[in-house]
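Take a look at the structure set out below.
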Amino acid sequence: MSQYFSIRSYTKNFRSHYHEYHQLVLPLHGVIDIRVGKFSGLVGVGDCVIIRNGERHEFSAHEAARFIVVDMMRLPDNIMYECNEKIVVDSALLSFTQFLEQQLNSQINQAVEQSAFALFYQLLSQQKNGKRVDKRLEPVLARIHDNLAQVLVIQELAQLACLSATQFKVVFKQSLDMTVQQYIRQCRMHKAKALITHTDMPIAIVAQQVGYQDSSAFSRQFKSFFGHSPTQ
3 MSQYFSIRSY TKNFRSHYHE YHQLVLPLHG VIDIRVGKFS GLVGVGDCVI
53 IRNGERHEFS AHEAARFIVV DMMRLPDNIM YECNEKIVVD SALLSFTQFL
103 EQQLNSQINQ AVEQSAFALF YQLLSQQKNG KRVDKRLEPV LARIHDNLAQ
153 VLVIQELAQL ACLSATQFKV VFKQSLDMTV QQYIRQCRMH KAKALITHTD
203 MPIAIVAQQV GYQDSSAFSR QFKSFFGHSP TQ
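First residue of the sequence shown: 3, per the numbering used here; consecutive thereafter.
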């Protein structure tokens, strides 16, 4: 095995193992709860978790969540020597993982996969070391991911981070390169896409699962985010 892309799903039951190759996990839809090295917590869309060879890790995820998993014998130096197991990827790599999802779902051939891996490796080598989410935001992100069907109030989220609402908004934007509302919307839309793609749940129920009581409003938001309606 030299390098290998796959789309995977997991279960809510924690599993633990290790392997003799490096592995990167980049969420497409949903989050993974993972413990590896010094990191224990949630990894969501826009994040990458680094699992080095021989490193035992424990993980669980909602069955509807989907992840790009990359098995690699060699990591770029900036990733190999990154001191954090969880990093935030830039917009170029995030967009490329979404492109990979489409390719892998259409049975990518070997030549295309080799070219895709070369580009992935290049994008990976350009990631900035040390970019990570402020630890004060970890309980906030957990609250968001666990309560996407509920109304999420800025003041309450700020209290979880022990910050004023104004400070909270600044820290959040600095850590995740988007506003709180943009992040919540992104999480809701990606969860909705996973439910639509991988379950038989009616659109109205999907809408409720991600915080929309009005399915028409949900459909408008979905189309604005993905460029097509939930039924396409």
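Backbone N, C-alpha and C fix where the C-beta goes; we use that ideal spot for every residue, glycine too.
- Secondary structure note for F61: its beta strand (DSSP E) is the uninterrupted segment 59 to 63.
- Inter-residue distance for A120 and R10 is about 21 Å (C-alpha atoms, whole angstroms).
- For R17, the beta-bridge partners assigned by DSSP are F61.
- When only Cα atoms are considered, I53 and F122 end up about 17 Å apart.
- Under the 8 Å Cβ criterion, the region 92 to 102 does not count as touching the region 214 to 225, having fewer than three qualifying pairs.
- The beta carbon of N55 sits closer than 6 Å to those of E22, Y23, H24, all from its chain and outside the five residues before and after it, given in chain order.
- In this structure, DSSP gives S226 a helical state, which the three-state scheme calls helix.
- In the structure shown, L106 falls within a helical segment according to DSSP collapsed to helix, strand and coil.
- Scanning L77, Q234, V47 for the CA closest to the CA of I146 turns up V47.
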